[in-house]
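Everything below concerns the one structure shown next.
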Amino acid sequence: MNPEKYAFLRKPGTAAPSLLSTTSGCHEEVSTAESVAIRLVLVQKSGQRFSYPYGQIGLISIPTAETLVLHCNCGLLDAITIRGRSLQPLAHLLDLQRLALVREAAHDFEGTGGPHVSSIELTAAE
2 MNPEKYAFLR
12 KPGTAAPSLL
22 STTSGCHEEV
32 STAESVAIRL
42 VLVQKSGQRF
52 SYPYGQIGLI
62 SIPTAETLVL
72 HCNCGLLDAI
82 TIRGRSLQPL
92 AHLLDLQRLA
102 LVREAAHDFE
112 GTGGPHVSSI
122 ELTAAE
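Take the position in the sequence shown, starting the count at 1, then add 1; the result is the number in the numbering used here.
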């Protein structure tokens, strides 16, 4: 399976969705309002990729402006923590189930533009 392909759900008769990359390069979103992502792909700097189903994401919290926590409903993970800057747009896309991919930045980004992801941490369930 091609790792750049994503599974989508869409209304019958609507255009096939595509992904929109962002200028910061830290995330990709579903391009059409009629479609939603069914899995969230997480890519770490090391190249390690994880694919997590939206159906297993419970509470989404933003404890600080630099931290976004996805509380997981499966027995394997307790939480997925995303750290960086300007993460509020990512939280909004998660709410709409339109965030398809989150990628750690390869280097520190000094720009004042959109979201920047410095780390993605997966916390195993106990």
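Beta carbons are placed, not taken as given, at the ideal position from N, Cα and C, and that holds for glycine.
Counted within 10 angstroms of its Cβ, other Cβ atoms place residue i as buried (16 or more) or exposed
| i | result |
| --- | --- |
| residue 108 | exposed |
| residue 97 | exposed |
| residue 47 | exposed |
| residue 122 | exposed |
Euclidean distance between Cα positions of residue i and residue j
| i | j | result |
| --- | --- | --- |
| residue 85 | residue 118 | 4 Å |
| residue 66 | residue 28 | 17 Å |
| residue 31 | residue 95 | 11 Å |
| residue 43 | residue 52 | 6 Å |
| residue 70 | residue 77 | 16 Å |
| residue 92 | residue 83 | 10 Å |
| residue 64 | residue 38 | 25 Å |
Three-state class that DSSP yields for residue i in the structure shown
| i | result |
| --- | --- |
| residue 97 | helix |
| residue 56 | helix |
| residue 92 | helix |
| residue 114 | coil |
| residue 108 | coil |
| residue 33 | coil |
| residue 66 | coil |
The beta strand (DSSP E) enclosing residue i, as first and last residue numbers
| i | result |
| --- | --- |
| residue 120 | 117–125 |
| residue 79 | 78–86 |
| residue 75 | Here residue 75 belongs to no beta strand (DSSP E), and DSSP marks it neither H nor E. |
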